[in-house]
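The sequence shown runs 1 to 281 under UniProt numbering. We treat Cβ as the ideally placed atom computed from N, Cα and C, and that holds for glycine. In this text the structure is predicted, and so the values were computed from the model without any measurement.
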Amino acid sequence: MKFGIHLSTFTREWSEDLLQYIPVVKEYGYDGVEIPLMSPDELDLIKIKKLLNQYKLQCTCGTGMNPQRDISSANWEIRQNGIEHLKKCINISSELNSDCLAGVLYAPWGQLKMRSKAKDDIKRSLDALNEIGRYADEKGVVLAIEILNRYESYFMNTVREGKEYLKKINNDNIKLHFDTFHSNIEEKNIYQAIVEGGKDIYHIHFCENDRGIPGSGSINWEEVKRGINDIAYDRWIILENFVMPECGVGRDVYIWREIEKSGSNAAEKGIKFMKNLFGEV
């Protein structure tokens, strides 16, 4: 098992310099970081590689769609923007030796539609993912599409729905991204959901039911661990907490009160919990 942290855990604004937190990540005992590729053209890849090498850290990558880069859109130009964005992110992932590009790759985060009226959108998205999945395979990168709760996406909300989409895509280079925050809202049984996901689960985020530090809320973490062990998952577990209100990040992910003292506090305590849970202290 490898333990990482999403660098946005530390930040109050999306525009902050994420790389300043890499030394802190190493100090806390993480194996790597997840780098959000929301603005891939602005990244200094030389600096990122230098820092990762200096602190002996690995990385994974994540990204998402927005209304101007949406592979589900009926607008050809917007759809192409989305395809090109994902290809850029795949190229960066490959260059950073990340074997995974995870996240909300299929439609804009926060886009809510009735599925009965979004059939064409869903088909366009799945067709595009099939094409992009082949491109990612050539670059040695697996796409892991994130299952979100009903308040953040209409597209897919459960592991079962995710597996149904994988069958329609029919591309072995596309897998599922499982997040405990979202699954705690949507799944009847978190253990059964993980077991049902099985080998299709390629990437995992840990977050408490209130977006805070794992182990501080109501999620049954022993059942989470049992599920992970039973499917023989041995890849990355990434801490992704959003805990600070009154800031750009807090506004965008609906944090209206102080969940934890700070992102750094969540990062420090989160790694201790994860390693204790899996007996890797």
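Item	Value
Buried versus exposed, by CB contacts within 10 Å (16 or more), Ala74	exposed
Same chain, Cβ closer than 7 Å to Phe273, five either side skipped, listed in chain order	Ile213, Pro214, Gly215
Range of the contiguous alpha helix (DSSP H) that encloses Met274	263-277
Ile132 beta carbon less than 7 Å from that of Leu86	yes
7 Å Cβ cutoff met for Tyr154 and Lys113	yes
Any beta strand (DSSP E) of 3 or more consecutive residues that is wholly inside the stretch 219-250	236-239
Coarse secondary structure for Cys61, derived from DSSP in three states	strand
Integer-rounded CB distance, given that Thr60 should sit under 8 Å from Gly32	7 Å
Three-state secondary structure assigned by DSSP to Asn66	strand
Under 7 Å between C-beta atoms of Ile169 and Leu126	yes
Ser183 classed as buried or exposed, judged by whether at least 16 other C-beta atoms fall within 10 angstroms	buried
Host beta strand (DSSP E) of Tyr28 (start-end)	Element bounds for Tyr28: not the beta strand (DSSP E) but the alpha helix (DSSP H), 22-28.
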